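Visitor: Numbering (the working numbering), first residue to last: 2 to 173. Please find one structure pasted underneath; my questions will follow.
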């Protein structure tokens, strides 16, 4: 499925692309079935769009966002300024399906994005692509937990060192 660059740019600038948002809480099972069901509806539109599962208020509140986006390039749709620089209005673009994870512990940029498939490949075999997406999201959850544990250990070590330093200063 191809879309004219100008159509993509207009929808991003005006935020008129289809978007579905679900909410949840960390510590509960991530409801990928609902995310996939919402995304399947968007994929039928043959246009850019976004389905997102927002946990604990999303990245702005220190939580997470697990999203599936249909876009021409591997940037989140919210990156409107960068999209304007990379998408040429007169060109046609093949739409792709991207997986996006926003979390403070996922990377230094707090963002991971990966292409899952072309939109046409998703439409031809959604089950296989969804299995691939579920596996990648599971890897990202494991990475978040690992990085969060490392950060907590580092914080504990820093606090212990500060406490030890404080006791030494008092004894002098």
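We put the beta carbon where it would ideally sit given N, CA and C, even for glycine. Nothing here was measured: the structure is a model prediction, and the numbers come from that model.
Looking at residue 36 and residue 52, is the spacing between their C-beta atoms short of 8 Å?
Guide: Along the chain shown, one-based indexing puts residue 52 at 51. Along the chain shown, one-based indexing puts residue 36 at 35. Yes; because the gap between Cβ atoms is below 8 Å, this pair is in contact.
Visitor: Tell me which same chain residues have a C-beta within less than 7 Å of the C-beta of residue 89, skipping the five on either side of it?
Guide: Taking the first residue of the chain shown as position 1, residue 89 is located at position 88. Cβ neighbours of residue 89 beyond the five flanking positions: 6.
Visitor: Report yes if the C-beta distance between residue 75 and residue 99 is below 8 Å; otherwise report no.
Guide: Locating residue 75 in the chain shown gives position 74, where the first residue counts as 1. Locating residue 99 in the chain shown gives position 98, where the first residue counts as 1. Taking 8 Å as the Cβ cut-off, residue 75 and residue 99 qualify as a contacting pair.
Visitor: Measuring CB atoms only, is the stretch 100-107 touching the stretch 51-68, in the sense that at least three cross pairs come out at less than 8 Å?
Guide: Flag = yes, the stretch 100-107 and the stretch 51-68 touch.
Visitor: On the criterion of 16 or more Cβ atoms from any shown chain inside 10 Å, does residue 97 qualify as buried, or is it exposed?
Guide: Locating residue 97 in the chain shown gives position 96, counting from the first residue. Under this definition residue 97 is a buried residue.
Visitor: Are there three or more Cβ pairs, one per stretch, closer than 8 Å when the stretch 17-27 is compared with the stretch 107-121?
Guide: Result no; under three Cβ-Cβ pairs closer than 8 Å.
Visitor: Taking only runs of the alpha helix (DSSP H) that begin and end inside the stretch 103-172, which ones reach a length of at least 4 residues, in chain order?
Guide: Runs of the alpha helix (DSSP H) inside the stretch 103-172: 120-125 and 127-172.
Visitor: May I have the straight-line CA-CA distance separating residue 136 from residue 163, to the nearest angstrom?
Guide: Locating residue 136 in the chain shown gives position 135, counting from the first residue. Locating residue 163 in the chain shown gives position 162, counting from the first residue. Between residue 136 and residue 163, the C-alpha separation is close to 41 Å.
Visitor: Using beta-carbon positions only, say whether residue 106 and residue 145 come within less than 8 Å of one another.
Guide: The count along the chain shown starts at 1 and reaches residue 106 at position 105. The count along the chain shown starts at 1 and reaches residue 145 at position 144. Yes, the pair counts as a contact, with Cβ atoms nearer than the cut-off.
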